[in-house]
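Everything below concerns the one structure shown next.
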Amino acid sequence: MFLVGDTYTTLLSAADTGGELSLAEAVVPADAGPPPHTHHGESETFVLLDGTLRVTAGDEQFDVEPGGVVYVPKGVRHSFKNTSPGHPARMYFLYVPGGMDGMFQEIGRPGVRGQVGPPLDPADVVAMGEVAEKYGYTLG
Numbered sequence: 001m002f003l004v005g006d007t008y009t010t011l012l013s014a015a016d017t018g019g020e021l022s023l024a025e026a027v028v029p030a031d032a033g034p035p036p037h038t039h040h041g042e043s044e045t046f047v048l049l050d051g052t053l054r055v056t057a058g059d060e061q062f063d064v065e066p067g068g069v070v071y072v073p074k075g076v077r078h079s080f081k082n083t084s085p086g087h088p089a090r091m092y093f094l095y096v097p098g099g100m101d102g103m104f105q106e107i108g109r110p111g112v113r114g115q116v117g118p119p120l121d122p123a124d125v126v127a128m129g130e131v132a133e134k135y136g137y138t139l140g
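The numbering of the sequence shown is UniProt numbering, which starts it at 1 and goes up by one.
Following this line, the structure appears as structure tokens:
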């Protein structure tokens, strides 16, 4: 799915795992990443496959190289940015329990796994705000 300039591919949905977890792959363009947000019902783990990433979680910052892993407990405000000079980053997101994968499907546009999506569409950010309560997160 193309969403906010990124490409998200659900690898394991909450439906696949009885709600225990969701696993998604993301391709994030250079210098891109989401605004700060907080997941209230699930933890999120980032596994970086390609590129470099800066993850901010609470008061901590993590500069992540390929193979690096960052865990963000539920309730911690966080964001990330692709710091790879001029090329996309590719990572896995693991959500425990599952369910965030539904948000990508609900508001994303059909995309192609592994390809960089179209540029950020402000309507995507509006849509994320509109479904925030349903998926248990807050922006900002």
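From the three backbone atoms N, C-alpha and C, an ideal C-beta is built for every residue, glycine too. Just so we're clear, the structure is a prediction, and the values are computed from it rather than from any experiment.
| Asked | Found |
| --- | --- |
| C-beta atoms of V64 and S79 nearer than 9 Å | no |
| Identified DSSP bridge partners for S13 | None, per the DSSP bridge assignment. |
| Pairwise C-alpha distance: V112 and N82 | 20 Å |
| Inter-stretch contact (C-beta, 8 Å, three-pair minimum) for the stretch 43 to 52 and the stretch 114 to 126 | no |
| Beta carbon of L21 nearer than 9 Å to that of V96 | yes |
| Range covered by the alpha helix (DSSP H) that runs through M1 | From DSSP, M1 is part of no alpha helix (DSSP H); its letter is neither H nor E. |
| Proximal residues to R77 (C-beta, below 8 Å), its chain only, five neighbours per side dropped | P36, H37, T38, A57 and G58 |
| For P66 and G29, believed in contact at Cβ under 8 Å, the rounded distance | Inspection of the sequence shows that residue 29 is occupied by Pro rather than by Gly. About 17 Å; that fails the 8 Å criterion. |
| Alpha helix (DSSP H) segment containing A123, residue limits | P122 to Y135 |
| Start and end residues, alpha helix (DSSP H) containing E106 | D101 to I107 |
| T56 - DSSP class collapsed to helix/strand/coil | strand |
| Euclidean distance between Cα positions of T10 and G19 | 14 Å |
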